[in-house]
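Below: the structure, in structure tokens.
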Amino acid sequence: MSVTSLKSLNFERGLVHGHQPGWWGMVMLIITEATLFVYLLASYFYLRAEAPAWPPGGIDRPDLLVPSLNSVILLSSSVPMWWADSGIRSGSQLRLMLGLAASFGLGALFLLIQGFEYARLGFAPQVNAYGSAFFTITAFHGGHVLAGLVMMALMQVRTWLGHFDARRHLAIETTALYWHFVDGVWIFIFATLYLSPYLFPALAR
Amino acid sequence: MSPLLPAGPAAARIADLTYVIFGLAAVVFIVVESLLLFAVLRFRRAQVSSEPKQIYGNAPLEAVWTAVPALILAVLLAFTLRTMSAVAGPARAAPAQGAADAIQVIGHQWWWEVRYPGAQISTANEIHIAVGQPVHVDVSSTDVIHSFWVPQLQGKIDVIPGRINATWLQADRPGVYRGQCAEFCGDQHARMALLVVADPADQFSAWLEAQQQPAAPPTDPQAQQGVQVFARVGCITCHTIRWGSTGAGGTRGPDLTHVGNRRTLAAGTLPNTPGTMAGWIANPQALKPGSDMPNLNLNGDDLQALLALLEGLR
Amino acid sequence: MAATAELPTVKPLTLSRPRAIVDWLSTIDHKVIGLSYVTTAFIFFLLGGIEALLIRTQLVVPDGQLLDPRAYNQVFTMHGTTMVFLFGMPVLTGFGNYAVPLQIGARDMAFPRLNAFGYWAFLLGGLFLYASFLLGAAPNGGWFAYVPLTGPTYSPGINMDFWALGIIFLGMSTVAAAINFVVTIMALRAQGMTPFRMPLFVWTILVTACLMIIAIPPLSGAATLLELDRRFGTHFFDAQGGGDPLLWQHLFWNFGHPEVYILILPAMGMVSEILPVFSRKPIFGYAAVATSTVAIGFISVTVWAHHMFAVGLPLVAQGFFATSTVVIAVPTAVKIFNWIGTIWGGKVLLRPPFLFAAGFVAQFIIGGLSGVMVATVPFDWQAEDTYFVVAHLHYVLIGGTVFGTLAGFHYWLPKMTGRMLDERLGTLTFWLTFVGLNLAFFPMHISGLLGMPRRVYTYPPGLGWELPNFISTLGAYILGLAILAFVYNVVRSLYVGEPAGDDPWDAWTLEWATSSPPPPHNFHRLPPVLSARPLWDLKRRGRPRGEAPDWIEPAESGDPVCPSHWPLVVALGLALLFAALLVSPVWAFAGGLMCVAGIVGWTWPAAPEPGA
């Protein structure tokens, strides 16, 4: 009986539909985290639908200027991340290092500005359901940003140690994927928390 | 306390639906279990030497046994939707004017406050209605979620703080119908019952009028002493007795203006007799541990005085 | 059999036993992990069973004195929490862990270390929850933890903090396993195993895993919001602060309903494996069974508010949820007929795996019918929160999940241990379980229809509830006897059970194409996969048909993974984090650091130089 060395149906050259299993694992993780944000944002709208005024308790609608600028900062951090990822695919350690550092810097700046915004808001999470939702949703996101920054720092160290090259860089791919998710989900959070009170003032009874 | 012994139109509609779905379920049960049992028994072997015919499926058969359950379920759904509006619909209507047509039930841990706003009556754990008269009931809670449920008259409705739910009750024959809290609400969830007393219209009106009267000042000296004790030992912090046009006392516990006439104590836990009343006041934590009513460690005299007072509040 | 004689001989081990406890702590072998899952889950099942017997003993007569209400509330809360989170999900995850790689012809799961992490997080999460008993502060707000009862005002003690944190911790275990299952099934199937040639058990695990991925977030999210309300003064669920107690219910049941399908689908998958083998013919309507599994998965996210029919939702909303609930009954009914069609015309061997699988069908019919009954909304307005629902849920969870699990045990333990279970003891276990279940839970339909509410620590005499309760308690003790018989059977088999051989049941899926227990790498060679029954093809035809190669190599998952202690380190870090959240922010931070360190160690490459 002959034994051939064919692998699984999907597993040609170690790839499943063009990506390694680890990449798909990150996709699944992103799906579950995205679902969490879906439910948090749905909760925000649910609480809003029952409130006589929104924001309630005399709180002003959120300031748009600084958060919008901050959003630009965060979203733009996806660009150096993409640049770093495609850089290492063509073997450029330099692009990887620089791109990671730039993304890290922009991400950290976002969190810093977010921290200042918290202080400026004028209400606390404990004031009412609006405050609770606002802080909790942004804090959940901030936690995900922080995790991304830790990942980037770790990747930076490993780059210096020479762990990555044109063939082996799965950890960079997954880090990049995660970071794009963190940026992408911010769009929905920004739209919900900052824009929707202006766009749909009639949503509250 | 069975929903299958309905005493009013809402529960009767639900009971009718119950018999329909139960009948349907019974038929399906018999048919499908028989097929299963038959298959197991008919085709069993002690050992197998050759294979049976290897059948992979049968598309037409599978289509049929997908369509038939779908059809049966669609019919069931139609019955369901029709019954829903018949049973719950009247609650959605605004309450009619008049004292007897609308009441409020407020859930507490672990007793039911019952108010007749039109008549300015507040009582506890006992609702009186006139036979044949639909009564709108607004329900809410001061603390946790409870569920207001009198199965012989109506389906249950949850009682939620910050929200007013609406239901309606109607009894078509006189009787006393037991209800019980049906949403886990803490330590004494098991002992949070209530009674709905349905009386002919004239008896109901008499009850209503009597409830509207303030408490008669006691003539018996022991009962008069009871009034002092009531204030001195602290009952008055939680309970109100309405001596004049307004009440005096707390609202954390049931209004006691006519407590002597109630059929039960402690939300249906005990029948209302002098003996049980004494036992309850002397040691509520033994009968309903965790309830808000503390053990006051009363001496015999104080206890007797209170009893005389309360038994006289009819 | 001609085919198995050609496989190289492998010395069977009685158990794939690591040499020392240290090896076990760093194992990444899906078989060891799977066995660990099912064994640990079974121990929690026994604990949950003791809690059940305490409940039933308290309720055997009216005004029972065994448990005061505070103790009772802890016992029934932990009974539900244990059975759902510490038995139901883990035991099915464990069977999935063991069987899926074998059934798809793979060497291990796609992420072996993540697999190990899932087990450790489960074990530590369960220990965390049970540690609450040591403090006399076990969760006491019901397994569903409705607010405001479980909020800061009405549950000021630490009980519900244990619950919320434990649930969040366990959720991580579940999601880890779910991600692993999805990617494994996507990536590592043997050549030729197209989706419609996968074993039906694998289909059910796939759908279950997808459900876990989207159902755990609302639970973990809700539990987090609950902790924030309880300990940080937020107002998500408190009406006075602009929150809503019903938000909790919506979030919880968005988890809770897919959860019940998570608990039943793998058991259904096991039934779909076992009935054909013991009827000696293929599953009737493979495509329909696979498709209805997927359909049930999709529809299950649309029915959640049927747990909320009594809260006062608008009638239109209730009508919608009644409709979606009725719709989900259709693919479920289809499966029942497919199973009967499988048995029909077969040659049925009434051996224990078949008895439990057929018993599943018989009792699931009852549970399904009572489920349809409570889906009829006005009836539910009477039956909700009564013992009628307790009857329904136990018929589907015991008659369904437990019977399926017992069927799986009797079918797969020989593969796992290399020893057969005793058939007479297995048959005895079946009859005791069957009688026990029906005696314990059928009368609850009646006590529910006589007005007995749920979650009551006692009840008054004179309402007609005494007799059904008495019979139920009797049945519960018989169930206890059944489980004892089963445990005895298993332990005994480890010592004196007959050797199982590779393929004791003359079955058709790939796990039977290797030794019992399998070698660490599972397979030396695989038969080609040309249908859903690769071994049947091989045995019946001798030579595979067509131009397919004779044998194929199992799939690899990239670089081979060595045993690793990092999964345990991360799990311990999380356990420290959650336990410390109860007492001290400093220790919580330490736990967090330990997690991060563990993850760094875990992801650090084994080979330092790429391409070297």
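Listed in order, the protein sequences are those of chains A, B and C. Using numbering that gives the first Met the number 0, the first residue of the first sequence is number 0, and each one after it goes up by one. Using numbering that gives the first Met the number 0, the first residue of the second sequence is number 0, and each one after it goes up by one. Using numbering that gives the first Met the number 0, the first residue of the third sequence is number 0, and each one after it goes up by one. Glycine is no exception: its CB is placed at the ideal position from the N, C-alpha and C atoms. Owing to the predicted nature of the structure, the values given are computational and were not obtained by experimental measurement.
Pick from the options: whose alpha carbon is nearest that of residue i?
| i | options | result |
| --- | --- | --- |
| A/Val-184 | A/Gln-113, A/Ala-100, A/Ser-42, A/Phe-139 | A/Phe-139 |
| C/Val-37 | C/Leu-462, C/Val-401, C/Pro-518 | C/Val-401 |
| B/Ile-235 | B/Thr-256, B/Asn-298, B/Leu-76, B/Gln-179 | B/Thr-256 |
| C/Arg-69 | C/Val-21, C/Ala-574, C/Ser-154 | C/Ser-154 |
| A/Tyr-117 | A/Phe-133, A/Phe-103, A/Ser-102 | A/Phe-133 |
| C/Val-99 | C/Leu-65, C/Phe-577, C/Pro-562, C/Asn-521 | C/Asn-521 |
| B/Leu-16 | C/Tyr-456, C/Phe-387, C/Pro-377 | C/Pro-377 |
| A/Ala-100 | A/Arg-157, A/Ser-70, A/Arg-166 | A/Arg-157 |
Within the continuous beta strand (DSSP E) that includes residue i, where are the two ends?
| i | result |
| --- | --- |
| B/Asp-137 | 134-140 |
| B/Trp-110 | 110-115 |
| B/Asn-164 | 164-168 |
| B/Glu-310 | Run containing B/Glu-310: none in the beta strand (DSSP E); it sits in the alpha helix (DSSP H), 299-310. |
So is residue i in contact with chain C if we call contact Cβ pairs under 8 Å?
| i | result |
| --- | --- |
| B/Val-136 | no |
| A/Pro-196 | no |
| A/Val-2 | Because A/Val-2 sits at a pLDDT of 31, beneath the cut-off of 50, its placement in the model cannot be relied upon, and the following sentence gives the value as read from the coordinates. So, interface residue. |
| A/Glu-49 | yes |
| B/Arg-77 | In the sequence on display, residue 77 of chain B carries Ala and not Arg. It does not; no Cβ of chain C falls within 8 Å. |
| A/Leu-192 | no |
| B/Phe-42 | yes |
With a CB to CB cut of under 6 Å and the five nearest residues on each side skipped, what residues in its chain are close to residue i?
| i | result |
| --- | --- |
| C/Thr-341 | Leu-274, Pro-275, Ser-278, Ile-282, Phe-283 |
| C/Phe-433 | Gly-358 |
| C/His-78 | Gly-47, Glu-50, Ala-51 |
| A/Ile-72 | Leu-105, Leu-108, Phe-109 |
| C/Gly-597 | Trp-565, Val-568, Val-569, Gly-572 |
| B/Ala-215 | none |
Could you pull the start and end residues of the alpha helix (DSSP H) that residue i belongs to?
| i | result |
| --- | --- |
| B/Ala-214 | Premise fails: B/Ala-214 is in no alpha helix (DSSP H) and is neither H nor E. |
| B/Ile-102 | From DSSP, B/Ile-102 is part of no alpha helix (DSSP H) but of the beta strand (DSSP E) over 101-107. |
| C/Ala-589 | 584-602 |
| C/Ala-357 | 351-374 |
| C/Glu-258 | 244-278 |
Could you pull out every residue in the same chain whose Cβ sits closer than 8 Å to the Cβ of residue i, ignoring the five residues on either side in sequence?
| i | result |
| --- | --- |
| C/Gln-102 | Met-197, Pro-198, Phe-200, Val-201, Thr-508, Leu-509, Glu-510 |
| C/Val-230 | Note that residue 230 of chain C is Arg in the sequence shown, not Val. Pro-151, Asp-160, listed in sequence order. |
| C/Thr-416 | Thr-13, Leu-14, Ser-492, Leu-493, Gly-496, Ala-499, Ser-515, Pro-516 |
| A/Leu-176 | Trp-22, Met-25, Val-26, Ile-29 |
| A/Gln-125 | Ser-131 |
| B/Ala-10 | Pro-2, Pro-150, Gln-151, Leu-152, Gln-153, Gly-154 |
| C/Leu-581 | Ile-157, Asp-160, Phe-161, Leu-164 |
| C/Leu-412 | Arg-418, Leu-420, Val-489, Ser-492 |
| C/Ile-178 | Phe-110, Leu-113, Ala-208, Ile-212 |
Does residue i come within less than 8 Å of chain A when only Cβ atoms are used?
| i | result |
| --- | --- |
| C/Pro-217 | yes |
| C/His-306 | no |
| C/Phe-320 | no |
| C/Met-185 | yes |
| C/Leu-534 | no |
| C/Phe-143 | no |
| C/Asp-243 | yes |
| C/Leu-246 | yes |
| C/Asn-253 | yes |
| C/Phe-297 | no |
Who are the near neighbours of residue i in its chain, counting only those whose CB is closer than 7 Å to its CB and skipping five residues on each side?
| i | result |
| --- | --- |
| C/Ser-530 | Arg-196, Asp-536 |
| B/Gln-303 | Gln-221 |
At a cut-off of 7 Å, would you count residue i as near the ligand PLP, judging by its Cβ distance to the nearest heavy atom?
| i | result |
| --- | --- |
| C/Val-569 | Judged by which ligands are present, the structure shown has none, so any question about the ligand PLP falls away. |
* **Cβ contact check for the region 8-24 of chain B and the region 317-328 of chain C: 3 or more pairs under 8 Å** => Here the region 8-24 of chain B makes no contact with the region 317-328 of chain C; the two share fewer than three CB pairs at distances below 8 Å.
* Any 3 or more C-beta pairs closer than 8 Å across the region 113-125 of chain C and the region 213-229 of chain C -> Touching, no.
* Are at least three pairs of beta-carbons, each pair with one atom in the region 127-139 of chain B and one in the region 357-371 of chain C, less than 8 Å apart? -> Touching, no, given that fewer than three Cβ pairs across the two stretches are closer than 8 Å.
* When the Cβ atoms of the region 235-248 of chain C are set against those of the region 178-195 of chain C, are three or more pairs found closer than 8 Å? -> The answer is no - the region 178-195 of chain C does not touch the region 235-248 of chain C, with fewer than three Cβ pairs under 8 Å.
* Is it true that the region 329-347 of chain C meets the region 288-305 of chain C, where meeting means three or more beta-carbon pairs spaced less than 8 Å apart? -> Taking a cut-off of 8 Å for Cβ pairs, the region 329-347 of chain C and the region 288-305 of chain C touch, as three or more such pairs fall below it.
* Counting Cβ pairs closer than 8 Å, one from the region 102-119 of chain B and one from the region 199-211 of chain B, do we hit at least three? -> In short, these stretches touch, since the Cβ pair count reaches three.
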